[in-house]
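Down below is the structure, laid out as C-alpha cells.
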Amino acid sequence: MRVLMTENLRINLDTEMWECRHCDKVLISARDNYKRGLLAYDRDPREIHKPLLDPTKYVLTYSPDPTWCRLIEYYCPQCGVMTETEYLPPGHPPLRDMEFDIDAMKEQWKHRDEVLKEPGGKDYPRANRNRTHSGQPMARLFTGEKPA
Amino acid sequence: MNDMTITPEDKQLLDKFLKDNQLFYIADPEIMHDHDIGPRSEEEERLLSGPTDPHLINMVRGRILAAMDEGNTMIEQMGAAPGAKWGDIVASIFTANGDLSMIAPHGVVGFAACVHYPIKYIIKYWTHEPTVGVHDGDGFIHNDPRYGGIHGTDQSCIMPVFYREKLVCWVSCTIHEGENGATEPGGMPPSAESRYDEGLKMSPFKVIENFQLRRDLVTFLQNMVRDPKLQLEDMKVKLHTCLRMRERVLAILEEFGEEALTISLRQHIEDVQEEVRRRIEELPDGTTRVLTFPDSTLRENALLKFSMAVTVKGDRMTLDFRGSSPEFINRAINCNAASLKTMLLTSYLQNVWPDLPQTMAVFGPIKMLFDEKSVLNGSFETPQPMSLIPLFKAMTIPTIPMAKLSYSLPHRYTAIVAPQYDQPGTFIYGGLTQNGENVGNFCADINGNGQGGRNHRDGEHSVSPPFAANCDIGEMEVIEEELPIVRLGAFTLTKDRVGFGKYRGGLGYEMIASTRGTDMWGFMTGCTGSLFTPSQPLFGGYGPPVYPLCKIQDINIFEQLAKNPGKIKFDMLDMMNNQTVEGGRYSTHPMAMTFELCQNGEVYMMCQGTGAGYGDVLLRDPALVIKDIEENLISHDTARDIFKVVFDSDTLIVDAEATKALRDAERKSRLKRGKPFDQFVKDFVTPEPPEYLPYYGSWDDPTVIYGTSNGKRIKMKGTEIQSMFMPNPKDEKIKALEKQLASVKAELDACRGEAKKKK
Ligand SMILES: [Zn+2]
Chain A
0 MRVLMTENLR
10 INLDTEMWEC
20 RHCDKVLISA
30 RDNYKRGLLA
40 YDRDPREIHK
50 PLLDPTKYVL
60 TYSPDPTWCR
70 LIEYYCPQCG
80 VMTETEYLPP
90 GHPPLRDMEF
100 DIDAMKEQWK
110 HRDEVLKEPG
120 GKDYPRANRN
130 RTHSGQPMAR
140 LFTGEKPA
Chain B
0 MNDMTITPED
10 KQLLDKFLKD
20 NQLFYIADPE
30 IMHDHDIGPR
40 SEEEERLLSG
50 PTDPHLINMV
60 RGRILAAMDE
70 GNTMIEQMGA
80 APGAKWGDIV
90 ASIFTANGDL
100 SMIAPHGVVG
110 FAACVHYPIK
120 YIIKYWTHEP
130 TVGVHDGDGF
140 IHNDPRYGGI
150 HGTDQSCIMP
160 VFYREKLVCW
170 VSCTIHEGEN
180 GATEPGGMPP
190 SAESRYDEGL
200 KMSPFKVIEN
210 FQLRRDLVTF
220 LQNMVRDPKL
230 QLEDMKVKLH
240 TCLRMRERVL
250 AILEEFGEEA
260 LTISLRQHIE
270 DVQEEVRRRI
280 EELPDGTTRV
290 LTFPDSTLRE
300 NALLKFSMAV
310 TVKGDRMTLD
320 FRGSSPEFIN
330 RAINCNAASL
340 KTMLLTSYLQ
350 NVWPDLPQTM
360 AVFGPIKMLF
370 DEKSVLNGSF
380 ETPQPMSLIP
390 LFKAMTIPTI
400 PMAKLSYSLP
410 HRYTAIVAPQ
420 YDQPGTFIYG
430 GLTQNGENVG
440 NFCADINGNG
450 QGGRNHRDGE
460 HSVSPPFAAN
470 CDIGEMEVIE
480 EELPIVRLGA
490 FTLTKDRVGF
500 GKYRGGLGYE
510 MIASTRGTDM
520 WGFMTGCTGS
530 LFTPSQPLFG
540 GYGPPVYPLC
550 KIQDINIFEQ
560 LAKNPGKIKF
570 DMLDMMNNQT
580 VEGGRYSTHP
590 MAMTFELCQN
600 GEVYMMCQGT
610 GAGYGDVLLR
620 DPALVIKDIE
630 ENLISHDTAR
640 DIFKVVFDSD
650 TLIVDAEATK
660 ALRDAERKSR
670 LKRGKPFDQF
680 VKDFVTPEPP
690 EYLPYYGSWD
700 DPTVIYGTSN
710 GKRIKMKGTE
720 IQSMFMPNPK
730 DEKIKALEKQ
740 LASVKAELDA
750 CRGEAKKKK
C-alpha cells in the first residue's frame with residue numbers, strides 16, 4: 000500500500016519507506032525525516048528573484064536580501080525533481096515539516112483502497128448573475144415583492 | 000498551618016466580595032481564552048435531547064441565513080466607510096448564551112467569529128449590573144480587540160433580541176470603519192508606541208436604548224475621531240441593520256415558534272463540530288510544521304519568527320505557536336490570541352474546509368498553544384493596532400501544514416493551495432480632501448492579494464484579501480471623486496514578480512499614486528516582506544519576491560505630464576530604472592512607512608503581491624509558460640532562466656526537444672550542486688542566529704527565545720519571555736550620524752594637524 004503524501008513524495012506502508020513519486024527512488028525510512036533522503040542546496044535568493052530595479056541606483060530591488068534570507072532547495076537524489084523548498088535565515092536549522100505516526104497510518108489505510116492518482120481539485124461553478132447582491136432577492140422572501 | 004481550604008459558604012462570600020469590589024472590568028481571561036462554544040443551556044439541553052424535525056430546522060436555518068444576508072447587503076449599500084462598500088463587513092446571529100451560530104453568506108467570518116467574546120462579556124458583566132442591564136431595545140458598541148475583535152478599526156453593533164420578554168438570541172453587525180482617532184489617521188497606526196496611541200478603545204458598552212442611538216454618547220465618540228460624519232453615519236447603518244435582522248428573527252419566531260429558533264441556532268454549531276471531529280480523525284496522525292519570518296516591526300527592520308505546528312491524534316488537533324517571536328511593548332504589531340484564532344479560522348474556512356458552515360464552532364475541537372508574551376499572544380498592555388502583520392500570516396500559513404496533512408486523503412474538500420500573498424498591500428491615507436473633508440482610511444487595494452498556485456491550476460491574480468473571498472477592490476473613479484489621490488497606474492499586473500512553480504501564484508498589481516488639490520495630505524503603509532520573502536511556497540515551488548516602496552519626490556508629475564504627456568509610461572520598473580520623471584529624487588524603502596505628507600504631484604508606488612508557487616518549476620507545462628509571456632506576466636528571460644523553456648523569440652513557438660534537453664541538464668546540475676542532507680546541515684546550520692541579524696524568536700530549540708534588550712541580544716526561556724522595548728529609530732539614526740560625524744571630525748583634525756606641520 001502506497002500513500003501519496005505530497006506532490007512529490009509517497010510513503011510505502013509495506014516497506015515503511017519514503018519514495019519519490021517521479022522516479023520511484025526509495026529515499027529513507029518513513030519514520031525518519033524525509034529530507035535526510037534528499038539533496039539540499041543553499042541558494043542565493045537573488046538568482047531566482049532577480050533584481051528588477053537597477054542595483055546600482057537602489058538599495059531595494061525586489062530581490063530578497065541574501066544576508067537575511069536564503070532559499071533552500073531539496074532535490075530527489077535520483078531524478079533531480081525539486082521535492083521541497085524553504086526560505087530560511089542564514090544558518091537556521093531546516094524545518095522537520097512532516098512527521099507521521101506510521102503505525103497509526105497502517106491501521107487507518109487497512110480500511111481504505113490504495114489511491115493511485117491524487118483526487119485533484121475542481122473549480123466550482125460561478126454564480127451566473129451579474130454581480131447583483133443576493134441579499135435583495137433574499138429579502139423578497141419576506142416582502143413578496145417581485146424583482147424589477 | 001497553610002491550610003487554605005475554605006468552606007463553600009466562605010467561598011461564596013469571598014466571591015461576592017471580589018465581585019462587588021472589582022475596580023476595573025478588564026477583558027475577562029476566562030472568556031477570552033475560550034474560543035469554543037459553551038455547554039448547552041438548560042433549555043437547549045431539554046429541546047435537543049428530544050426528537051427534532053430536521054426539515055423544520057433546515058427551513059428556519061434558511062430563513063435566518065436570508066435575514067443575515069439581507070443585513071449584510073444593507074450595510075454594503077448604506078455603509079459610509081470605504082471598507083463597507085468593498086465588503087469588509089458582516090452580519091451575524093448568536094445563541095442566547097452568546098455563541099456564534101450563523102453569519103451572512105457573503106460576510107467576513109473573522110469579524111463575526113470574535114464577537115462572541117464581547118457578547119459573553121455583556122452577559123456576564125452588564126446583565127445584572129443595575130446601572131447597565133440588558134433590555135429589549137438596547138444595543139452595544141465595541142471595538143477593542145482585547146475584549147474580542149480583529150483590530151480597533153472594526154466597530155460592532157450588538158443587539159439582544161427579546162421575544163415575549165425573554166432574551167432568545169443576539170444579532171450583530173461589524174464594519175471595518177477605518178478612522179478611529181488613533182495617533183495616525185486611518186485606524187492602523189504603525190507608529191503607535193503604547194495602547195494609548197490606538198485611538199478609540201471601546202470595551203462593550205450600551206449606546207442604544209429604546210432602539211435609538213444615545214446622541215450624547217455618539218457625540219462623545221465623534222469627538223474622538225477625525226471623521227465624525229463617518230462615525231455617526233455608520234452607527235446609524237449598523238443600528239438599522241440590527242433592527243432589520245431583529246424584525247426578521249421576530250417574524251421567524253411568530254411563524255415557527257421559539258423552540259424552532261433555539262434548536263436551529265444550537266443544532267447548527269453542534270453539527271459543525273461533529274463534522275470537524277470526523278474530518279480531523281480521517282487525517283493521518285502526526286505533526287506538520289511551517290515557519291515564516293516577517294522582516295519588520297514597521298518601525299525598524301527586524302527578523303521575527305512565527306512558528307506553527309499542527310498535530311493530529313485521533314479526532315484531536317492541536318495548533319502550536321510556541322517558539323515564535325516575543326511581543327514588542329512599544330511597537331504596533333502585537334496581536335492578541337483571540338484575534339489570531341479568528342484569522343486562523345478564516346484560513347481554514349477559505350483554504351481547507353470551505354464547504355463547512357462559516358462559524359467559530361469549527362475551531363471548537365481544535366486546541367491552541369502559545370507562549371505568554373509572544374507577539375502572537377500579546378498581553379493586555381501591548382499596542383495592537385497593526386496586528387495585521389501576525390493576522391495576515393495567520394490567514395495564510397495554515398495552508399502549508401494542512402496541505403501536508405490532507406494531501407493523502409482519498410477525497411478533497413477543495414483544491415490543495417499554496418499560501419496567498421500575506422501582506423496588507425495598500426496605501427493608508429489621511430488629511431484634508433479637495434472637498435474640505437477631514438478623513439483617514441485605507442485604499443481598497445488591501446483586498447487585491449494574489450492567490451497561491453493550486454494542485455490543478457495557477458492562482459488567481461489579485462483575487463481577494465486573505466481574510467475574505469467576497470471582498471472587492473472598489474472603483475478607482477469613485478475614490479478619486481472623494482479623495483485627492485490620483486492613481487496614475489492602477490491595476491497593472493506586476494510582471495516577473497511572481498511566485499514561480501509548476502502552478503504559479505496569481506499576480507498582484509502596481510499602485511502608482513499621487514495627490515493634488517490639497518496641501519494637507521499624506522500616506523503611510525504597513526507591510527513587511529521587503530527583505531525576506533513573505534509567503535512560503537508549497538511542494539517545491541518558489542515564494543513571492545520581496546517588494547519595496549518607491550518614491551519620486553521634489554517634482555510635480557502633473558506639470559511634466561502637461562508639457563509632455565507621452566513621455567512617462569505608468570510602469571513602476573520603467574519609471575524607476577529610466578527615471579522618466581525629470582529632476583525627481585528617486586528612492587526605495589521597506590514597505591513600512593509611518594505617516595508622511597505627500598506634496599502635490601509627488602509619486603508614491605507600491606505593489607500588491609503574488610501568491611506562492613506550487614510544485615517544481617521544471618514541471619510547468621511549456622505551453623503555460625508561453626501563455627504567461629503572451630499575457631505579459633513574465634519576460635522572455637524568466638521563461639528561459641527560471642522555467643528552462645526554449646522557444647523562438649519572435650514566434651514564441653516552443654522547441655520541445657531543446658526544452659527537454661535544457662530541463663534534463665538543469666536536473667543534472669541540481670544533482671551536482673545538491674549535498675546530502677546531513678552534510679548540508681553540518682555546513683549550513685549555525686548554533687545561533689548570525690550576530691548581525693536583529694532576530695526575534697527561537698532558533699533550533701523552541702523553548703529558547705532570542706530577543707534584544709537595549710540593542711543587545713538576549714536569550715530567554717519560552718516560559719519566561721519578557722516584552723521587547725525597542726529604541727527610537729530616530730535616536731538610533733542620530734547616534735549613528737554622531738558617530739560618523741565624530742570620526743569625520745577626527746579625520747579632519749588630523750588632516751589640519753598635518754597641514755600645520757607642513758607649513
Ligand atoms: Zn525522483
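Protein sequence lines correspond, in order, to chains A and B.
Residues 0 to 147 (numbering that gives the first Met the number 0) are what the first sequence spells out, left to right.
Residues 0 to 758 (numbering that gives the first Met the number 0) are what the second sequence spells out, left to right.
All residues carry an ideal CB built from backbone N, CA and C; glycine is no exception.
Note that this is a predicted model, so its numbers are computed, not measured.
> If we ignore side chains and look at the alpha-carbon of each, how far apart do Met-0(B) and Leu-13(B) end up?
Replying inline: Here the model assigns Met-0(B) a pLDDT of 48, short of 50, so the residue's position is not dependable, and the following value carries that caveat. So the alpha carbons of these two residues sit roughly 20 Å apart.
> For Thr-413(B), which residues of its own chain have a beta-carbon under 6 Å away from its beta-carbon, when the five flanking residues on both sides are left out?
Replying inline: Pro-353
> Taking any heavy atom of ligand 1 as the mark, which residues have a C-beta closer than 6 Å to it, listed down the chain?
Replying inline: Matched residues: Cys-19(A), His-21(A), Cys-22(A), Lys-24(A), Cys-75(A), Gln-77(A), Cys-78(A), Val-80(A).
> By a C-beta neighbour count over all protein chains shown, 10 Å radius and 16 as the cutoff for buried, is Thr-650(B) buried or exposed?
Replying inline: exposed
> Any idea which residues DSSP pairs Glu-85(A) with across the strands?
Replying inline: Its beta-bridge partners are Ile-71(A).
> Which of the three DSSP states, helix, strand or coil, is assigned to Asn-129(A)?
Replying inline: Confidence at Asn-129(A) is low in this model, with a pLDDT of 46, below 50, so its placement is unreliable and the value that follows should be read with caution. Asn-129(A): coil per DSSP, three-state reduction.
> Measuring CA to CA, which of Glu-164(B), Asn-20(B), Leu-661(B), Leu-264(B) is closest to Pro-53(B)?
Replying inline: Closest option to Pro-53(B), judged by alpha-carbon separation, among Glu-164(B), Asn-20(B), Leu-661(B), Leu-264(B): Leu-264(B).
>> Quick check: is the beta carbon of Tyr-406(B) nearer than 8 Å to any beta carbon in chain A?
In response: Chain A contact via Cβ: present.
>> Can you tell me which residues form a DSSP beta bridge with Cys-19(A)?
In response: Leu-8(A)
> When the Cα atoms are used, what is the spatial distance from Leu-339(B) to Ile-720(B)?
Replying inline: Straight through space, the alpha carbons of Ile-720(B) and Leu-339(B) are spaced by roughly 19 Å.
>> Does the CB of Thr-5(A) have a neighbour CB from chain B at under 8 Å?
In response: yes
>> Less than 8 Å between the C-beta atoms of Ser-323(B) and Ser-373(B), yes or no?
In response: yes
> Are the beta-carbon atoms of Leu-596(B) and Thr-517(B) separated by less than 8 Å?
Replying inline: no
> Are the stretch 306 to 323 of chain B and the stretch 698 to 705 of chain B in contact at 8 Å, needing three or more beta carbon pairs?
Replying inline: yes
> Tell me which same chain residues have a C-beta within less than 8 Å of the C-beta of Pro-164(B), skipping the five on either side of it?
Replying inline: This sequence places Glu at residue 164(B); Pro is not what is there. Asp-135.
> What residues in its chain sit with their C-beta under 6 Å from that of Leu-560(B), if we drop five residues either side in the sequence?
Replying inline: Cβ within range, chain order: n/a, list empty.
> On the premise that Gly-521(B) lies in contact with Ile-556(B), defined as a C-beta separation below 8 Å, what is that separation, rounded to the nearest angstrom?
Replying inline: In fact, because the Cβ distance is near 17 Å, the residues do not count as touching under 8 Å.
> In three-state DSSP terms, what is Lys-18(B)?
Replying inline: helix
> When DSSP labels each residue in this structure, what does Ser-202(B) get in the three-state scheme?
Replying inline: coil
> At a Cβ threshold of 8 Å, is Ser-62(A) touching chain B?
Replying inline: yes
> Just checking my contact of Thr-317(B) with Lys-366(B) at CB under 8 Å: how many whole Å lie between their CB atoms?
Replying inline: 5 Å
> How close, in whole Å, do the beta carbons of Arg-453(B) and Val-416(B) come, if the pair is a contact with beta carbons under 8 Å?
Replying inline: Contact between Arg-453(B) and Val-416(B) holds, since their C-beta atoms are separated by about 5 Å, short of 8 Å.
>> Taking the beta strand (DSSP E) that Pro-159(B) belongs to, which residues open and close that run?
In response: 153 to 162 is the extent of the beta strand (DSSP E) around Pro-159(B).
> Grouping DSSP H, G and I as helix and E and B as strand, with all else coil, what is Asp-640(B)?
Replying inline: helix
> Residue ranges of each beta strand (DSSP E) run of no fewer than 3 residues wholly in the stretch 483 to 559 of chain B, ordered along the chain?
Replying inline: Within the stretch 483 to 559 of chain B, the complete beta strand (DSSP E) segments at least 3 residues long are 484 to 488, 509 to 514, 520 to 525, 547 to 552, listed from N- to C-terminus.
>> Determine, for Pro-93(A), whether the minimum Cβ-Cβ distance to residues of chain B falls below 8 Å.
In response: With respect to chain B, the C-beta atom of Pro-93(A) has a partner C-beta closer than 8 Å.
>> So Arg-276(B) contacts chain A; which residues on that side make the cut at Cβ distance below 9 Å?
In response: The contacting residues do not exist; Arg-276(B) stays about 15 Å from chain A at best.
> Counting along the chain, where does the alpha helix (DSSP H) carrying Cys-241(B) start and finish?
Replying inline: 227 to 255
>> Output needed for Pro-688(B): all residues of its chain with C-beta closer than 7 Å, excluding positions within five of it in sequence on either side, in chain order.
In response: Tyr-694, Trp-698, Tyr-705.
> Can you name, in chain order, every residue of its own chain whose Cβ lies under 7 Å from the Cβ of Gly-525(B), other than the five neighbours on each side?
Replying inline: Met-187, Pro-189, Leu-297, Met-385, Leu-387, Pro-423, Ile-427, Ala-591
> Which class does Glu-98(A) belong to by DSSP, given the choice of helix, strand or coil?
Replying inline: strand
>> Measuring only the C-alpha atoms, how far is Arg-639(B) from Val-653(B)?
In response: Each residue's CA atom was taken as its position, placing Arg-639(B) and Val-653(B) some 11 Å apart.
> When you compare only the Cα positions, how much space is there between Gln-550(B) and Leu-199(B)?
Replying inline: It should be noted that the sequence gives Lys, not Gln, for residue 550(B). Each residue's alpha carbon lies about 32 Å from the other.
> What's the C-alpha gap between Pro-85(A) and Val-224(B)?
Replying inline: It should be noted that the sequence gives Glu, not Pro, for residue 85(A). Glu-85(A) and Val-224(B) have their C-alpha atoms spaced approximately 44 Å apart.
> With burial defined as no fewer than 16 other Cβ atoms inside 10 Å of the residue's Cβ, what is the status of Lys-119(B): buried or exposed?
Replying inline: buried
>> Assuming His-267(B) and Pro-364(B) are in contact, meaning their beta carbons sit under 8 Å apart, how far apart are those beta carbons, in whole angstroms?
In response: At roughly 16 Å, the Cβ-Cβ gap does not stay under 8 Å, so His-267(B) and Pro-364(B) are not in contact.
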